[in-house]
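Undergrad: Quick note, the sequences are listed as chains A and B, same order. Mapping to this note's numbering: the first sequence position 274 is 274, numbers consecutive. Mapping to this note's numbering: the second sequence position 364 is 364, numbers consecutive. Note that beta-carbon positions come from the ideal geometry of N, C-alpha and C, so glycine has one too. Once you've had a glance at the structure underneath, I'll fire off some questions.
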Amino acid sequence: MSNSRRFALTAVFMGLALAANGGETDARVNRLLDLASSGGYLRDERWKMAEEISAVPDAQMAETATALLASERRTDAGQALQELFFVWAQQAPEAALRFADAIRTDTWRDACRESAFRGWAEADWKAARTWLDKQPPGTERDQMMGGLLTLVAVRDPHAALQMLQEEIARGRDIRTSEVIKICAKRDPAATVDAWEKLPSGKAKNSARESLALNWAKVQPEEAWRWASGFPDDKDGQGTRRTVILGTAEVDPARAALLAMQSPEIDRKELLERIAWTWGKQDPDAAVRWAGGLPEDGRAGIFVAILNRSTLADPKSLLPSMLGLPAGRNRDLAVSLVIHRWSDEDFDGVKKWLVQQPQSPDFPLFLLSCMNRLAEQDPELLFALFEKLPDREKKNMRIQLKITLDQLRPDLASRIAPEK
Amino acid sequence: MTGRFRFFLRLLLAVASAVAISRTEADQPDHQAARLLDLAASGEYSRNDWRAMQREIRNIPEANLAEMAKAVLGSGRREDIPEVLDEICFVWGLKDPVAAMAFAGSISDKSLRENCCRTAFRGWAESDWKAARTWMGQQPLGQLQDLLAASLMETVAVRDPRAALQILLEEIARGQRPRTWHIFANCARQDPDASVKAWEKLPPGGEKNSARTSIARYWGQVQPENAWRWASSLPEETDRSDAQESVLLGALDTFPERAAALAKQPPISSRLLPRFAFEWAGKDADAAAQWALGLPDEVKAAAILNVLNRSNVTNQRALLEPLLGLPEGTDRARAVARVMDFWSGQNYEEAKTWLLKQPQSRDSLVFLWGLSRPLAKKDPELLLSLLAKIPEDQREAFLMRELRTTIKRARPELLPKLPRSTTKGFVRGWSSWSSSCGTKEGE
Numbered sequence: 001m002s003n004s005r006r007f008a009l010t011a012v013f014m015g016l017a018l019a020a021n022g023g024e025t026d027a028r029v030n031r032l033l034d035l036a037s038s039g040g041y042l043r044d045e046r047w048k049m050a051e052e053i054s055a056v057p058d059a060q061m062a063e064t065a066t067a068l069l070a071s072e073r074r075t076d077a078g079q080a081l082q083e084l085f086f087v088w089a090q091q092a093p094e095a096a097l098r099f100a101d102a103i104r105t106d107t108w109r110d111a112c113r114e115s116a117f118r119g120w121a122e123a124d125w126k127a128a129r130t131w132l133d134k135q136p137p138g139t140e141r142d143q144m145m146g147g148l149l150t151l152v153a154v155r156d157p158h159a160a161l162q163m164l165q166e167e168i169a170r171g172r173d174i175r176t177s178e179v180i181k182i183c184a185k186r187d188p189a190a191t192v193d194a195w196e197k198l199p200s201g202k203a204k205n206s207a208r209e210s211l212a213l214n215w216a217k218v219q220p221e222e223a224w225r226w227a228s229g230f231p232d233d234k235d236g237q238g239t240r241r242t243v244i245l246g247t248a249e250v251d252p253a254r255a256a257l258l259a260m261q262s263p264e265i266d267r268k269e270l271l272e273r274i275a276w277t278w279g280k281q282d283p284d285a286a287v288r289w290a291g292g293l294p295e296d297g298r299a300g301i302f303v304a305i306l307n308r309s310t311l312a313d314p315k316s317l318l319p320s321m322l323g324l325p326a327g328r329n330r331d332l333a334v335s336l337v338i339h340r341w342s343d344e345d346f347d348g349v350k351k352w353l354v355q356q357p358q359s360p361d362f363p364l365f366l367l368s369c370m371n372r373l374a375e376q377d378p379e380l381l382f383a384l385f386e387k388l389p390d391r392e393k394k395n396m397r398i399q400l401k402i403t404l405d406q407l408r409p410d411l412a413s414r415i416a417p418e419k
Numbered sequence: 001m002t003g004r005f006r007f008f009l010r011l012l013l014a015v016a017s018a019v020a021i022s023r024t025e026a027d028q029p030d031h032q033a034a035r036l037l038d039l040a041a042s043g044e045y046s047r048n049d050w051r052a053m054q055r056e057i058r059n060i061p062e063a064n065l066a067e068m069a070k071a072v073l074g075s076g077r078r079e080d081i082p083e084v085l086d087e088i089c090f091v092w093g094l095k096d097p098v099a100a101m102a103f104a105g106s107i108s109d110k111s112l113r114e115n116c117c118r119t120a121f122r123g124w125a126e127s128d129w130k131a132a133r134t135w136m137g138q139q140p141l142g143q144l145q146d147l148l149a150a151s152l153m154e155t156v157a158v159r160d161p162r163a164a165l166q167i168l169l170e171e172i173a174r175g176q177r178p179r180t181w182h183i184f185a186n187c188a189r190q191d192p193d194a195s196v197k198a199w200e201k202l203p204p205g206g207e208k209n210s211a212r213t214s215i216a217r218y219w220g221q222v223q224p225e226n227a228w229r230w231a232s233s234l235p236e237e238t239d240r241s242d243a244q245e246s247v248l249l250g251a252l253d254t255f256p257e258r259a260a261a262l263a264k265q266p267p268i269s270s271r272l273l274p275r276f277a278f279e280w281a282g283k284d285a286d287a288a289a290q291w292a293l294g295l296p297d298e299v300k301a302a303a304i305l306n307v308l309n310r311s312n313v314t315n316q317r318a319l320l321e322p323l324l325g326l327p328e329g330t331d332r333a334r335a336v337a338r339v340m341d342f343w344s345g346q347n348y349e350e351a352k353t354w355l356l357k358q359p360q361s362r363d364s365l366v367f368l369w370g371l372s373r374p375l376a377k378k379d380p381e382l383l384l385s386l387l388a389k390i391p392e393d394q395r396e397a398f399l400m401r402e403l404r405t406t407i408k409r410a411r412p413e414l415l416p417k418l419p420r421s422t423t424k425g426f427v428r429g430w431s432s433w434s435s436s437c438g439t440k441e442g443e
């Protein structure tokens with residue numbers, strides 16, 4: 001075979017190989033865009049996109065990134081690109097960063113650099129840190145350093161605490177609370193030690209709060225002993241209060257006991273916070289606990305529980321809420337119970353409402369269901385409104401008008417302006 | 001005992017020990033659960049660890065998922081349990097949804113129970129939405145069912161938008177109150193016409209409003225001009241204005257230049273223009289500033305101020321002349337002061353020299369306000385002498401108040417030496433635009 005013929009054949013083969021590869025890339029990019037698109041909503045597809053990207057050969061990363069950047073489907077391409085740079089940088093960080101640097105659109109360049117740096121840090125945080133130390137100060141460096149610090153805190157809390165101290169010495173308060181949060185859960189003793197070495201100031205104060213909160217979540221008793229060593233000043237009280245809040249996340253009954261035994265702390269607000277946390281975990285137990293508290297402040301505690309909770313039998317709570325001392329919190333507690341009951345059984349609530357005699361509480365009952373009635377049974381809402389005495393009607397008219405304007409503008413004209 | 005029976009007995013024992021040995025310590029449910037919980041804890045900060053957790057869960061044989069879920073739940077690691085159980089329930093829901101739902105429903109912690117029910121159901125819906133729907137139709141109405149219905153429709157909306165919209169209307173007719181935002185988000189991107197038709201059939205109320213915003217936002221992301229035409233055709237003023245705003249914000253995500261062109265098309269409420277400038281500045285402050293300079297005078301200052309409030313424009317100095325050409329107003333004053341302050345941060349001496357060359361005018365106090373922070377720190381005597389030169393009738397109350405606030409922060413001991421404000425409002429009309437944007441952002 002002559003040289004020229006051999007050359008021609010080689011060229012044809014190379015062309016075919018390139019075309020085949022190009023076709024493969026196009027198909028992959030389309031698949032990735034589809035997975036990114038549905039992956040925004042479907043977890044399984046998000047997983048499949050990540051798996052597909054992790055299988056892209058190193059040699060085809062640049063080509064795939066180029067095709068994604070050229071896509072008209074920008075939102076989907078953005079999702080896929082972030083994942084791609086994360087994976088690429090784990091294998092070839094410098095190539096990935098070089099490629100990202102050359103992207104013309106600012107927002108995409110920044111996002112891809114950030115992802116590439118994250119990937120590099122996950123694969124080799126020491127090398128990534130050396131590179132980052134050479135970058136100019138600014139927002140991007142701070143962002144990258146923030147991500148790096150939290151990652152190192154997971155891998156090596158001692159190293160992270162050392163880095164944190166260096167950053168603070170440079171005047172940079174970068175995700176201090178977050179780093180302390182991670183380290184406090186993994187190595188509380190080292191974290192306390194590092195915290196003590198921090199220079200006084202805002203960063204140290206927020207770090208103390210973070211340490212107290214997160215240590216209490218894993219070792220509530222040890223954290224309480226530490227907090228008890230602080231003097232009885234504002235900082236000491238704040239630290240003990242935060243430990244109680246952390247304890248509430250894992251053992252609300254113990255947290256409530258500590259709060260009751262700490263007279264120097266503003267107990268009312270603290271008990272409400274505990275109630276709120278308890279209500280998320282076990283609302284019925286929280287309600288039982290609240291029922292045994294002194295009457296003063298009990299309504300606020302019920303409000304805190306009811307705010308986030310679905311109760312097994314909300315209707316059964318109504319008489320005790322109606323029996324709370326008069327005030328804003330009592331009205332709020334009544335209203336929340338009716339809300340929760342409406343969530344479970346709105347027909348039951350409507351039946352009950354129709355049977356209620358006129359009383360000083362009737363407008364409150366009506367207000368508690370007004371939105372739902374406006375949406376689902378406006379005729380009943382109008383009928384109940386008409387039942388109100390004139391004085392109450394006057395007060396309620398404005399609220400009803402606002403509700404209808406928002407939810408049923410088609411019916412708003414039925415509320416005649418006040419004469 | 002016969003020799004043959006002894007042989008079988010030995011064989012059985014050998015197989016049993018082999019099985020026991022093959023299940024090494026690391027494979028024991030408690031150990032694997034601990035590993036998964038560790039990965040979940042670090043996975044919050046490490047994507048690789050998160051993936052490793054997901055991969056390990058996906059590799060658990062279907063028959064062992066119940067055992068693993070129980071081991072995780074029994075670990076007592078309250079902080080990390082939700083993440084791992086969420087993933088287990090999702091994968092279990094993909095493979096054996098009825099068992100997954102039964103397990104999730106038996107969890108005693110309320111919020112964990114609800115979350116696991118949702119994710120197990122989500123897995124089911126992603127693998128076989130028709131079966132999931134049949135099961136859901138047999139359940140009693142209630143809050144959890146509302147959540148499950150929404151989850152189902154969000155999934156179907158990706159796979160088959162028309163079916164999702166049909167289910168939505170049927171569920172509403174059945175007395176359910178599903179959240180509509182995510183359903184319409186997907187349907188509008190894939191099938192805007194069907195979405196609009198379904199939206200028109202929704203009962204009036206908060207969910208209909210939410211659906212309108214969602215359609216506008218997500219249709220705007222893919223077909224800005226078509227979405228704009230629909231938004232502009234809505235008869236109700238509130239619907240129209242809200243939908244136009246959402247189309248612009250959606251288009252801004254994907255096609256900023258096309259969004260900017262639409263924002264200048266009538267009919268548009270001029271209230272939207274500064275708001276749009278604010279949002280665009282979050283993505284590209286220089287382009288947003290350039291666009292704002294081309295707006296009509298009555299909204300230009302508010303739009304430029306919003307751009308400056310949102311992000312740093314590279315060449316702020318270039319905005320000064322166009323701003324000074326605008327009619328007096330609070331937004332103009334604020335924007336000029338912002339530019340001066342930024343300029344002084346870059347080159348204080350240059351900004352100060354420029355200030356000293358300016359003739360006395362009604363803008364003098366605005367310029368002083370803009371430079372008051374560095375002047376108070378570096379040249380307090382100059383600041384006081386320049387202030388003293390401002391005629392009494394030009395010491396506008398609003399500007400003096402702002403100036404005092406800045407000086408209070410920079411050098412509080414100067415406060416008693418400041419002249420009093422003696423006039424009210426040559427800067428007229430508080431702008432509702434910039435302040436409303438601030439509120440919205442804060443929300």
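Could you work out which residue in A:P136, A:K134, A:K126, A:E140 is closest to A:S115 when comparing CA atoms only?
TA: Residue 115 of chain A sits at position 115 when you count from the first residue of the first sequence. Nearest of A:P136, A:K134, A:K126, A:E140 to A:S115, Cα basis: A:E140.
Undergrad: Looking at chain A, is there any beta carbon in it that lies within less than 9 Å of the beta carbon of B:N315?
TA: Counting from one through the second sequence, the residue named residue 315 of chain B turns up at place 315. So no, B:N315 is outside the interface.
Undergrad: Residues of chain B with a CB under 9 Å from the CB of A:D282: which are they?
TA: On the first sequence, residue 282 of chain A is found 282 positions in, with the first residue counted as 1. The contacting residues are S108, D109, K110.
Undergrad: In three-state terms, what does DSSP make of A:E221?
TA: Looking up residue 221 of chain A in the first sequence gives position 221. It is helical.
Undergrad: Mind listing the chain D neighbours of A:P409? Cutoff is C-beta to C-beta under 8 Å, in chain order.
TA: Within the model displayed, chain D is absent; protein chains A and B are what it includes.
Undergrad: Can you tell me which residues form a DSSP beta bridge with B:E413?
TA: Within the second sequence, residue 413 of chain B is the residue found at index 413, counting from 1. According to DSSP, which records beta bridges pairwise, B:E413 is partnered with nothing at all.
Undergrad: Check the Cβ of A:T107 against every Cβ in chain B and list those closer than 9 Å, keeping chain order.
TA: Taking the first residue of the first sequence as position 1, residue 107 of chain A is located at position 107. The answer, in chain order, is K283, D284.
Undergrad: Can you tell which of B:S385, B:D331, B:A231, B:P203 has the C-alpha that lies nearest to the C-alpha of B:A302?
TA: By 1-based counting over the second sequence, the position of residue 302 of chain B is 302. B:A302 has its Cα closest to that of B:D331, out of B:S385, B:D331, B:A231, B:P203.
Undergrad: Roughly how many whole angstroms lie between the Cα atoms of A:R414 and B:P203?
TA: The count along the first sequence starts at 1 and reaches residue 414 of chain A at position 414. The count along the second sequence starts at 1 and reaches residue 203 of chain B at position 203. Computed Cα separation, rounded: 18 Å.
Undergrad: Go to B:D96, then tell me how far its alpha helix (DSSP H) extends in each direction, as first and last residue.
TA: Position 96 of the second sequence, counted from the start, is the residue given in the question as residue 96 of chain B. That residue, B:D96, is in no alpha helix (DSSP H); it is neither H nor E in DSSP.
Undergrad: Counting only the same chain and skipping the five closest in sequence on each side, list residues whose C-beta sits under 7 Å from that of A:T403.
TA: Here the question's residue 403 of chain A lines up with position 403 in the first sequence. Closer than 7 Å at Cβ, skipping near neighbours: M370, N371, A374.
Undergrad: Where do the N-terminal and C-terminal ends of the alpha helix (DSSP H) with B:K283 fall, by residue?
TA: What you label residue 283 of chain B is simply residue 283 of the second sequence in a count that begins at 1. First-last for B:K283: undefined, no H or E at that position.
Undergrad: According to DSSP, simplified to helix, strand and coil, what is B:E44?
TA: Residue 44 of chain B sits at position 44 when you count from the first residue of the second sequence. DSSP places B:E44 in coil when its eight states are reduced to three.
Undergrad: From this set, B:E328, B:R310, B:R334, B:Q346, which residue's C-alpha is nearest B:R317's C-alpha?
TA: Here residue 317 of chain B is taken as the residue at index 317 of the second sequence, counted from 1. Looking at the Cα atoms, B:Q346 is the closest of the given residues.
Undergrad: Whose C-alpha, out of B:A34, B:A99, B:R10, is nearest the C-alpha of B:E83?
TA: Stepping through the second sequence from its first residue, residue 83 of chain B is reached at position 83. The option with the nearest alpha carbon to B:E83 is B:A34.
Undergrad: Should the segment 156-172 of chain B be called in touch with the segment 180-194 of chain B, which here means at least 3 C-beta pairs below 8 Å?
TA: Yes, they touch.
Undergrad: Quick one: grab the DSSP three-state call for B:E396.
TA: Here the question's residue 396 of chain B lines up with position 396 in the second sequence. B:E396: strand per DSSP, three-state reduction.
Undergrad: Please check if any C-beta of chain A sits within less than 9 Å of the C-beta of B:V336.
TA: Sequence index remark: in the second sequence, residue 336 of chain B carries index 336 (1-based). No, no contact with chain A.
Undergrad: Which residues in chain B sit within 7 Å of A:T75, going by Cβ to Cβ distance?
TA: By 1-based counting over the first sequence, the position of residue 75 of chain A is 75. Those within 7 Å of A:T75 in chain B are Q221, D253, T254.
Undergrad: For A:P199, name the three-state secondary structure that DSSP assigns.
TA: Translated into the one-based positions of the first sequence, residue 199 of chain A becomes position 199. Of the three classes helix, strand and coil, the one that applies to A:P199 here is coil, per DSSP.
Undergrad: As a quick exercise: from A:A70, A:W224, A:P319, pick the residue whose alpha carbon is nearest that of A:I244.
TA: Sequence index remark: in the first sequence, residue 244 of chain A carries index 244 (1-based). Out of A:A70, A:W224, A:P319, A:W224 has the C-alpha closest to the C-alpha of A:I244.
Undergrad: In whole angstroms, what is the alpha-carbon distance linking A:A65 and A:W120?
TA: Residue mapping note: residue 65 of chain A aligns to position 65 of the first sequence, counting from 1. Residue mapping note: residue 120 of chain A aligns to position 120 of the first sequence, counting from 1. Distance between the alpha carbons of A:A65 and A:W120: 17 Å.
Undergrad: Which one of A:D106, A:Q237, A:K48, A:R43 has the shortest CA to CA distance from B:D284?
TA: As a position in the second sequence, residue 284 of chain B is number 284, starting the count at 1. The shortest C-alpha separation from B:D284 is found at A:D106.
Undergrad: Please report the straight-line C-alpha distance between B:S431 and B:N209, rounded to a whole angstrom.
TA: Reading the second sequence from its first residue, position 431 is the one you call residue 431 of chain B. Reading the second sequence from its first residue, position 209 is the one you call residue 209 of chain B. Summary for B:S431: the model assigns pLDDT 36, below 50, so the residue's position carries little reliability, and this model does not support an answer.
Undergrad: Which residues in chain A have a C-beta closer than 9 Å to the C-beta of B:T155? List them in chain order.
TA: Taking the first residue of the second sequence as position 1, residue 155 of chain B is located at position 155. Simply Y41, L42.
Undergrad: How many Å lie between A:W341 and B:E237 at the Cα?
TA: The residue you call residue 341 of chain A lines up with position 341 of the first sequence. The residue you call residue 237 of chain B lines up with position 237 of the second sequence. Rounded to whole angstroms, A:W341 to B:E237 spans 35 Å at the Cα level.
Undergrad: Does any CB atom of chain B fall closer than 9 Å to the CB of A:F86?
TA: Residue 86 of chain A sits at position 86 when you count from the first residue of the first sequence. Answer yes: the Cβ-Cβ gap between A:F86 and chain B drops below 9 Å somewhere.
Undergrad: Please identify, using Cβ separations under 9 Å, the residues of the segment 388-415 of chain A that lie next to chain B, in order along the chain.
TA: If the cut-off is 9 Å between Cβ atoms, the segment 388-415 of chain A has D405, Q406, L407, R408, P409, D410, L411 near chain B.
Undergrad: A:W47 versus chain B: which residues are under 7 Å apart at the beta carbon?
TA: Locating residue 47 of chain A in the first sequence gives position 47, where the first residue counts as 1. Correct list: Q54.
Undergrad: Buried or exposed: where does A:G291 fall if 16 or more other Cβ atoms within 10 Å of its Cβ makes it buried?
TA: Residue numbering aside, residue 291 of chain A sits at position 291 when the first sequence is read from its first letter. With fewer than 16 other Cβ atoms within 10 Å, it is exposed.
Undergrad: Find the residues of chain B that neighbour A:K197, judging by a C-beta separation of less than 7 Å, and give them in chain order.
TA: For the purposes of this step, residue 197 of chain A is taken as residue 197 along the first sequence, with counting starting at 1. Those do not exist, as A:K197 stays about 23 Å from chain B at its closest Cβ, beyond 7 Å.
Undergrad: Closer than 9 Å, CB to CB, is B:L94 near chain A or not?
TA: Your numbering for residue 94 of chain B matches position 94 in the second sequence. Output row for B:L94: interface = yes.
Undergrad: Extract the residue ranges of the alpha helix (DSSP H) inside the segment 278-350 of chain A, only unbroken runs of 4 or more that lie entirely within it.
TA: The segment 278-350 of chain A contains these whole alpha helix (DSSP H) runs: 283-291, 298-307, 314-322, 328-344.
Undergrad: Return the CA-CA distance between A:D156 and A:C112, expressed in angstroms with no decimal places.
TA: Translated into positions along the first sequence, residue 156 of chain A becomes position 156. Translated into positions along the first sequence, residue 112 of chain A becomes position 112. Near 26 Å, if we compare the C-alpha coordinates of A:C112 and A:D156.
Undergrad: Excluding the five sequence neighbours on either side, which residues of its own chain have a C-beta within less than 8 Å of the C-beta of B:D86, listed in chain order?
TA: Numbered from its first residue, the second sequence carries residue 86 of chain B at position 86. So the qualifying residues of the chain are N115, C116, T119.
Undergrad: State the start and end residues of the unbroken alpha helix (DSSP H) segment that holds A:E52.
TA: For the purposes of this step, residue 52 of chain A is taken as residue 52 along the first sequence, with counting starting at 1. First-last of the alpha helix (DSSP H) with A:E52: 43-54.
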